[in-house]
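In my numbering, the protein residues as written are 0 to 417.
We put the CB at the ideal spot given by N, CA and C, even for glycine.
All remarks here apply to the structure that follows.
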Amino acid sequence: MGSAERYNALKGIQDIFPPDIYIWQKIEKIAADVFSVYGFQELRAPIIELTDIFIRSIGETSDIVEKEMYTFSDKAGRSITLRPEGTAPVVRCYVQNHLYNLPFPQKFFYSGPMFRYERPQKGRFRQFYQIGVEAFGVADPTIDAEILSMLRLFLDTIGLKELSFEVNSIGCEQCRPGYRKALYDFFSNKFDNLCPDCKRRFGVNPLRILDCKVDSCIELRKGTPRVTDFLCNECKEHFHTLLFLLQTLNIPYVINPDMVRGLDYYTRTTFEVTTEHLGAQNAVAAGGRYDRLVEEFGGPPTPAIGFAIGMERIATLLKSSQKQEVPAPKVFIATIGAPAEKEGLVIADKLRGQGIWVELGYADKSLKSQLRRADRLNADYVFIIGDNEINSGIAKWKRLSNGSQGEISMLEIFDFLK
Ligand code: ATP
Ligand code: MG
């Protein structure tokens, strides 16, 4: 080995390891359980795709495409991008594999890392994890309500409270032109004061200006025409039906007419779940309808809706609001001397074969230090084996949780634990 060099993970990218990993596993388990009672099945799409897949779907003027994508050329010179979000790959997979031929509607969930070159800060990373869902084939707002009810059940089951559901409708291709025109008119005499990004957005997609985080643009936005005032009759009815269904399901919501979301593919329903407990990065989940996207990927006209949950933000909330549960071994076998260590290994092997978590004390450590380790691991039962125990076939046991103790034939340990 040469001189020791220190390597660190890339900026804005974190490792996840015990004990935090148990929170992550809990979130993933609850998500899979909750989503499955709504009929969602897991889908695993790749992490890398052709760059074009994201540009076309997310939109050229979105923050993601303008400045946040991890894009590189592969050895054949193709432009490849690490997925910045999960919907475009799922839609690509849906169309490529003709999943629209499956029984209708098709409902999927996914989880995994996403990559965005953002300024790292609290709640904002360059590699972050999302759990997301996508439902294909239903235009009826009933499924919008189901999706929001599923998100609520997930958050409830996980034990998160004081969350706010913000909803909006950003209309369809019928009402969008009217709203775009109103935005052109509104921003045209403010153009000179827009930030350089928004000057560009003005020409391509003025909706994006509503998403800009630059202070002067936020100031200029006061009194912006509201998208909900420009909805066509169908979109209006769709939105009102959704609101009615949310009331029916007792899902408390707030209408936020300024929420246009940062991705171009959205149509009609958009929503965000926010919390007051995370500071500036306050959105824990977000989503909406994307009724045109499947067609844009070359599939049949297929309305669709989905959301994505930000794992890091959920994990942070759980960490600060709940006692962390760390799993503990059922059995710790402390051993004194080589023959006992061998016997301990054999017993451990049998118990593990029965699905019992066993930790072994290694006889090169003193009994005292082995027991200290059992204690630190929070083992339920400790068995102690030495030469005497091997000769008599009887081991001493102690239960750490309540201090009870006794002796047991080594042949009967499994039955005893049962
Ligand atoms: P934000 O407004 O926080 O940038 P966004 O509109 O970019 O969010 P989406 O692309 O809709 O977010 O992603 C859905 C969720 O994923 C967000 O609500 C958030 O919880 C999480 N998320 C997005 N970007 C990051 C990131 N860089 N680091 C950690 N979590 C993120
Ligand atoms: Mg963002």
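How big is the Cα-Cα spacing for M310 and W23?
Residue mapping note: residue 310 aligns to position 311 of the sequence shown, counting from 1. Residue mapping note: residue 23 aligns to position 24 of the sequence shown, counting from 1. Each residue's alpha carbon lies about 8 Å from the other.
Sufficient close CB pairs (3 or more, under 8 Å) joining the region 379-388 to the region 396-407:
yes
Verify the contact flag: V94, CB atom, against every heavy atom of the ligand ATP, threshold strictly below 6 Å.
As a first step, residue 94 is located in the sequence shown; it is residue number 95 there, counting from the start. Not under cutoff, so the answer is no.
Uninterrupted beta strand (DSSP E) stretches inside the region 52-105 (no shorter than 3 residues):
69-72, 78-81
Following a CB-centred definition, is F127 positioned closer than 6 Å to any heavy atom of the ligand ADP?
Among the ligands present in this structure, namely the ligand ATP and the ligand MG, the ligand ADP is not found.
Can R312 and V283 be called in contact, C-beta distance under 7 Å?
Taking the sequence shown and counting its residues from 1, the one referred to as residue 312 is at position 313. Taking the sequence shown and counting its residues from 1, the one referred to as residue 283 is at position 284. Cβ distance < 7 Å, so R312 and V283 count as in contact.
Is it a yes or a no for the region 298-308 touching the region 124-142, going by three-plus beta-carbon pairs under 8 Å?
yes
Considering only the alpha carbon of each residue, which of S215, P256, E65, N100 lies closest to L230?
Within the sequence shown, the letter at position 231 stands for residue 230. Per the Cα distances, P256.
Could you say which of K235, I250, G297 lies nearest to T268 if we only look at CA atoms?
To locate residue 268, count along the sequence shown from 1; it is residue 269. Of K235, I250, G297, the residue nearest in Cα terms is K235.
Any idea which residues DSSP pairs Q404 with across the strands?
Position 405 of the sequence shown holds residue 404. Answer is K397.
For H97, count the other beta carbons within 10 Å of its own beta carbon; 16 or more makes it buried, fewer makes it exposed. Which is it?
Against the sequence shown, residue 97 aligns to sequence position 98. Label assigned to H97: exposed.
When you compare only the Cα positions, how much space is there between T266 and I12?
Walking along the sequence shown from the start, residue 266 turns up at place 267. Walking along the sequence shown from the start, residue 12 turns up at place 13. T266 and I12: Cα-Cα distance of roughly 32 Å.
E48 versus I79 - alpha carbon distance
In the sequence shown, the residue the question calls residue 48 occupies position 49. In the sequence shown, the residue the question calls residue 79 occupies position 80. Take the alpha-carbon of E48 and the one of I79: they are about 6 Å apart.
Close beta carbons around F413, own chain, < 7 Å, minus the five adjacent residues each side
For the purposes of this step, residue 413 is taken as residue 414 along the sequence shown, with counting starting at 1. Taken in chain order, the residues that qualify are K349, L350, Q353.
Which residues does DSSP list as the beta-bridge partners of A282?
Here residue 282 refers to the residue found at position 283 when the sequence shown is read from its first residue. A282 is bridged to T273.
Please identify the residue among F201, A87, P112, F243 whose C-alpha is closest to the C-alpha of G286.
What you label residue 286 is simply residue 287 of the sequence shown in a count that begins at 1. Comparing Cα-Cα distances from G286 to each of F201, A87, P112, F243, the minimum goes to A87.
Does the beta-carbon of L150 have 16 or more other beta-carbons within 10 angstroms, so that it is buried, or is it exposed?
One-based indexing of the sequence shown puts residue 150 at position 151. That one is buried.
Range covered by the beta strand (DSSP E) that runs through F164
If you number the sequence shown from 1, residue 164 lands on position 165. 162-168 is the span of the beta strand (DSSP E), which, as asked, contains F164.
Tell me the residue span of the beta strand (DSSP E) that contains F135.
Here residue 135 refers to the residue found at position 136 of the sequence shown. From DSSP, the beta strand (DSSP E) with F135 extends over 126-135.
What span of residues does the beta strand (DSSP E) with A303 cover, start to end?
For this step, residue 303 is matched to residue 304 along the sequence shown. Where A303 is concerned, the enclosing beta strand (DSSP E) stretches over 303-309.
Taking 7 Å as the cut-off, decide whether the C-beta atoms of D263 and G58 are in contact.
The residue labelled residue 263 in the question sits at position 264 within the sequence shown. The residue labelled residue 58 in the question sits at position 59 within the sequence shown. In contact: D263 and G58 (Cβ atoms closer than 7 Å).
Helix, strand or coil at M113 according to DSSP, with G and I counted as helix
Position 114 of the sequence shown, counted from the start, is the residue given in the question as residue 113. The answer is strand: DSSP assigns M113 an E or B state.
The alpha helix (DSSP H) spanning T247 covers which residue range?
As a first step, residue 247 is located in the sequence shown; it is residue number 248 there, counting from the start. For T247, the enclosing alpha helix (DSSP H) begins and ends at 232-247.
So L193 and L159 are supposed to be a Cβ contact under 8 Å. How far apart are they, rounded?
For the purposes of this step, residue 193 is taken as residue 194 along the sequence shown, with counting starting at 1. For the purposes of this step, residue 159 is taken as residue 160 along the sequence shown, with counting starting at 1. Between L159 and L193 the Cβ distance is about 37 Å, and since that is not below 8 Å, they are no contact.
Quick one: is the Cβ of R312 within less than 6 Å of any heavy atom of the ligand ATP?
Position 313 of the sequence shown, counting from 1, holds the residue named residue 312. It does: the Cβ of R312 is within 6 Å (strictly closer) of some heavy atom of the ligand ATP.
Mind listing, in chain order, the continuous alpha helix (DSSP H) runs of no fewer than 4 residues lying wholly within the region 332-385?
Complete alpha helix (DSSP H) runs here, min 4: 337-352, 366-376.
Classify R288 as helix, strand or coil using the three-state DSSP reduction.
Here residue 288 is taken as the residue at index 289 of the sequence shown, counted from 1. Of the three classes helix, strand and coil, the one that applies to R288 here is strand, per DSSP.
Whole-number beta carbon distance between F164 and I250, since they are thought to touch under 8 Å:
Taking the sequence shown and counting its residues from 1, one reaches residue 250 at position 251. Taking the sequence shown and counting its residues from 1, one reaches residue 164 at position 165. Yes, I250 and F164 are in contact; Cβ-Cβ is about 6 Å, under 8 Å.
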